[in-house]
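Just so we're aligned, residue 1 is where the sequence shown starts under the UniProt record's numbering, counting upward by one.
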Amino acid sequence: MVQDVVEEPRLRQANGHANGRPLNGKPRGPEIQESDETDENIFLFVPNLIGYSRIVLALASLYFMPLHPRRCSFLYSISCLLDAADGIAARKYEQSTRFGAVLDMVTDRCTTTCLLVFLATAKPAYSMIFQGLISLDLASHYMHMYATLVMGGQTQSHKNVDAKRSYIMNLYYTNKAVLFIACALNELFFIALYLLCFSSPIITPALIQPQSPANPISPEPSLLFPSPFSAGAMELARANKMDSTVPWVLTIASAPVMLFKQWVNIIQLVKASKWLAEGDRKDRKKLGLPRKRGGAKGKKAL
Numbered sequence: 001m002v003q004d005v006v007e008e009p010r011l012r013q014a015n016g017h018a019n020g021r022p023l024n025g026k027p028r029g030p031e032i033q034e035s036d037e038t039d040e041n042i043f044l045f046v047p048n049l050i051g052y053s054r055i056v057l058a059l060a061s062l063y064f065m066p067l068h069p070r071r072c073s074f075l076y077s078i079s080c081l082l083d084a085a086d087g088i089a090a091r092k093y094e095q096s097t098r099f100g101a102v103l104d105m106v107t108d109r110c111t112t113t114c115l116l117v118f119l120a121t122a123k124p125a126y127s128m129i130f131q132g133l134i135s136l137d138l139a140s141h142y143m144h145m146y147a148t149l150v151m152g153g154q155t156q157s158h159k160n161v162d163a164k165r166s167y168i169m170n171l172y173y174t175n176k177a178v179l180f181i182a183c184a185l186n187e188l189f190f191i192a193l194y195l196l197c198f199s200s201p202i203i204t205p206a207l208i209q210p211q212s213p214a215n216p217i218s219p220e221p222s223l224l225f226p227s228p229f230s231a232g233a234m235e236l237a238r239a240n241k242m243d244s245t246v247p248w249v250l251t252i253a254s255a256p257v258m259l260f261k262q263w264v265n266i267i268q269l270v271k272a273s274k275w276l277a278e279g280d281r282k283d284r285k286k287l288g289l290p291r292k293r294g295g296a297k298g299k300k301a302l
């Protein structure tokens, strides 16, 4: 019995421990694992690097957007297609993170908004429609993300939508084919509209007809527009720059999917609002609200 008591400390010392703690002061077991996890640089994960490249490509497309439709549409399309690549990389390398999910969604919202802002300026007659689409996109995704965070908890992804809550949203977020086709063709619709801005004739009469019948010779564009970046100068620079056949085909082909995507945004906004309202009702019940006013005082007040 005494020998066992004497041998036990020796065994601990042989294993590098004394009183259950390491002799050299270095952590063992779970403590090492926790230390290693803190050394990971989340910002340098492969999916996040792809996300950064999407931002760079989007910024480059904005540079070419006013006057170079082919370069802009190419860079913008690559940025959108990489949206699928970061998800594949996240699953392959087991690098799915909350930061990556937010980065992905913010990039999607910003790139689409930038394109719609250009369309609103290039097609002022339809600017209210584009403004409405921007508002719907931002509002629905913000409400959905906030509702998921508050009601579902920090560990729940915004893509985990219960089919009982919304079958359409469950199909949209859980079926990868539906999600990819909806997002890709939605962006294709707006890219096609963007290309149509460069295949349309001049819409301002002052640019195609002389101001005075006595002076049939139209002045040079430099005399008409003191600033080369004015609305009229940009319209003149974009007019008849490319054929409209392909953009029209792409617009018509992708229009139904674009409408489906906007329908999903409306459903997403409504369902998120109802989910938050459910949480508010539960919280108010816990607080005993609304307070019941009864008794003699309540009757006198009535």
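The beta carbon of each residue, even a glycine, is placed where N, CA and C say it ideally should be.
- Distances from the alpha-carbon of residue 247 to those of 275, 270 and 197 put 197 closest.
- Cα atoms of residue 75 and residue 99: separation of roughly 24 Å, rounded to the nearest angstrom.
- Counting every other CB atom within 10 Å of its CB across the protein chains shown gives residue 278 a total below 16, marking it as exposed.
- Residue environment for residue 69: buried (at least 16 other C-beta atoms within 10 angstroms of its C-beta).
- Cβ neighbours of residue 65 within its own chain (closer than 7 Å, five residues either side excluded): 72 and 118.
- Taking a contact to require three or more Cβ pairs closer than 8 Å, the region 278-294 and the region 161-176 do not qualify as touching.
- In the structure shown, the three-state DSSP call for residue 246 is helix.
- Taking each of 266, 134 and 233 in turn and checking the Cα distance to residue 190, the smallest one comes out for 134.
- Residue burial is scored here from C-beta neighbours: residue 49 has fewer than 16 other C-beta atoms within 10 angstroms and is therefore classed as exposed.
- Residue nearest to residue 267 within the set 169, 154 and 109 is 169 (criterion: CA-CA distance).
- Rounded to whole angstroms, the gap between the alpha carbons of residue 151 and residue 58 is 33 Å.
- Per DSSP, reduced to three states, the secondary structure at residue 169 is helical.
- The count of Cβ pairs closer than 8 Å, one atom from the region 107-123 and one from the region 90-98, stays below three, leaving the stretches out of contact.
- A buried status is given to residue 130, since no fewer than 16 other beta-carbon atoms sit within 10 Å of its beta-carbon.
- Excluding sequence positions up to five before and after residue 188, its CB lies within less than 7 Å of the CB of 250 and 254, all in the same chain and listed in chain order.
- With fewer than 16 other Cβ atoms inside 10 Å of its own Cβ, residue 56 counts as exposed.
- When the alpha-carbon of residue 143 is set against those of 285, 289 and 272, the nearest one is in 272.
- For residue 45, the three-state secondary structure derived from DSSP is coil.
- Here DSSP, grouped into helix, strand and coil, assigns residue 128 to helix.
- Here residue 115 really is in contact with residue 194; their C-beta atoms are around 6 Å apart, less than 8 Å.
- In this structure, the straight-line span from the alpha carbon of residue 283 to that of residue 52 is close to 40 Å.
- With distances taken between CA atoms, residue 259 lies nearest to 181 out of 276, 234, 181 and 240.
- Taking the C-beta atoms as reference points, residue 199 is found nearer than 7 Å to residue 244.
- Around the beta carbon of residue 39, a 10 Å sphere encloses fewer than 16 other beta carbons of the protein chains shown; the residue is thus reported as exposed.
- Residue 84 holds the alpha-carbon nearest to the alpha-carbon of residue 179 among 237, 154, 93 and 84.
- Counting only residues of its own chain and dropping the five nearest sequence neighbours on each side, residue 82 has a CB closer than 6 Å to the CB of 50 and 54.
- CA-to-CA, the gap between residue 91 and residue 236 works out to about 48 Å.
- Within the model, the alpha-carbon separation for residue 155 versus residue 264 is close to 24 Å.
- For residue 288, same chain residues with a beta-carbon under 6 Å away, outside a window of 5 residues either side, do not exist.
- Straight-line measurement puts the Cα of residue 286 at about 37 Å from the Cα of residue 262.
- Within its own chain, the residues whose Cβ lies closer than 8 Å to the Cβ of residue 113, once the five positions on either side in sequence are excluded, are 134, 137 and 138, listed in chain order.
- If you look at residue 92, you'll find it in the alpha helix (DSSP H) that goes 69-92.
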